[in-house]
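Quick note on numbering: the working numbering labels position 50 of the sequence shown as 73, and the sequence is numbered without any gaps.
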Amino acid sequence: MHFSFAQINRAIDNIKRSGSKWLLTTTFPGIRQNRDIEDGDWRPLNLRSAPFLFPSPDTTINEGCTEASGDYSDKSLALWRIDSLPVPHER
């Protein structure tokens, strides 16, 4: 949520090479279009939408977020098998 697309792609690449089996991270399934930012800013991301295109997660837990008058009610923790994640591409 705080990284640019390029930094997220680098992080995904590192995660895939780490030998870990699972990734648990925040995602916002209601977001239809992700927007890039400068590193350190913030925006909600849907990791199933472009440019990331993650598959359906193995498990999703809605956090019940009530911040910003409910604007982030879709904020969720999602669990993916790392070997199911697409290879990141620099954007």
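A virtual CB, placed ideally from N, CA and C, is assigned to each residue, including glycine.
Excluding residues up to 5 positions away in sequence, Ser99, Leu100 lie with their Cβ nearer than 7 Å to the Cβ of Ile84 in the same chain. Taking the Cα positions, Pro78 is about 14 Å away from Ile35. Residue ranges of uninterrupted beta strand (DSSP E) with 3 or more members, entirely inside the stretch 48-96 and ordered along the chain, are 82-85.
Here Ser99 carries a strand assignment [DSSP, helix/strand/coil].
For Asp36, the uninterrupted alpha helix (DSSP H) run begins and ends at 28-40, by DSSP.
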